[in-house]
Structures are given as C-alpha cells and as structure tokens.
Amino acid sequence: MESNEEQVQPGEALYDMHNGFKPSFKDYKGREWRVVKNSLQVVRTDKGSRIIQELTDRTYTNKMLVCLNDDNFEQDIQAAYSYDGLRFGIMTLERVP
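Mapping the sequence shown onto my numbering, position 8 (from 1) lands on -2, and the numbers just tick up by one.
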C-alpha cells in the first residue's frame, strides 16, 4: 500500500514541459512515469489553462504537466498541460515499478 506522500493528487505538478516532451520521466517526488502508448492528444486551443483549473480546482502554471485525477483506484492517471495558451495536451500515464 502506498503512503499518502506517494499517492498522486489532482492538480499536483508532475513535470515541467519547458524541458520538452519525454515518453518517460521522473516527477518531482522521484516517482517514474511512462506515457501510455497512443494516449497523448493535443488540441490547439487557448482554453487549456481554464480546463485544467476547472478539473483540479487549483491555479494552473503554464507548461506544467499536472495530474487530473488521483490514483486511489487505478494505477494509471490522466495528466494535462497547457502550452502558452496555444495548445492543450492530455495523456494517460502509468507508474513504472
């Protein structure tokens, strides 16, 4: 069983997209994640930040990949980012054991 510190929380920042997209990465707490194949969807819109804020009920910082749901019931999580008000990306992440 994971401790609360290891569980992902909605709105939690996982990765800075300033560093570029990577199919696998370690988040700020050292947990390793992998993007589920074919799950990344990118939409050209200036509403990405607003969508993320509404889904997480937290203030959003540009270009941060954030968790949209917690992992209490599933190992995979949904994560999203907004990039300069130009595009919105959403993907499924799986924890790498």
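Virtual Cβ for every residue (Gly too), placed ideally from N, Cα, C.
With DSSP run on the structure shown, which of helix, strand or coil describes residue i?
i       : result
Arg85   : strand
Leu4    : strand
Arg40   : helix
Met(-9) : Here the model assigns Met(-9) a pLDDT of 43, short of 50, so the residue's position is not dependable and the matter cannot be decided.
Leaving out the 5 sequence neighbours to the left and right, which residues in its chain are closer than 8 Å to residue i when beta-carbon positions are compared?
i       : result
Met(-9) : Unreliable positioning characterises Met(-9) in this predicted model, as indicated by a pLDDT of 43, which lies under 50. A coordinate reading is not provided.
Tyr(-4) : Going by the sequence as given, residue -4 is Glu instead of Tyr. Cβ neighbours of Glu(-4) beyond the five flanking positions: Lys19, Arg21.
Which one or two residues does DSSP pair with residue i in a beta bridge?
i       : result
Gly79   : Val32, Tyr71
Leu45   : Answer is none; Leu45 lacks a bridge partner.
Arg24   : Ser14, Glu84
Val(-2) : In the DSSP output, where bridge partners are listed per residue, Val(-2) has none listed.
Can you list, in chain order, the residues of its chain with a C-beta nearer than 6 Å to that of residue i? Leave out the 5 residues immediately preceding and following it.
i     : result
Thr46 : Pro0, Gly1
Asn33 : Note on residue identity: the sequence assigns Val, not Asn, to residue 33. Hits under 6 Å: Phe78.
Val26 : Thr82, Glu84
Looking only at its chain, what residues have a beta carbon closer than 7 Å to the beta carbon of residue i, apart from the 5 residues adjacent to it on each side?
i     : result
Ser72 : Gly38, Ser39, Ile42, Tyr50, Asn52, Phe78
Gln65 : Glu84, Arg85
Asp6  : Lys53, Met54
So, using beta-carbon positions, are residue i and residue j closer together than 8 Å?
i     : j     : result
Leu83 : Ala70 : no
Val86 : Ala3  : no
Phe15 : Trp23 : yes
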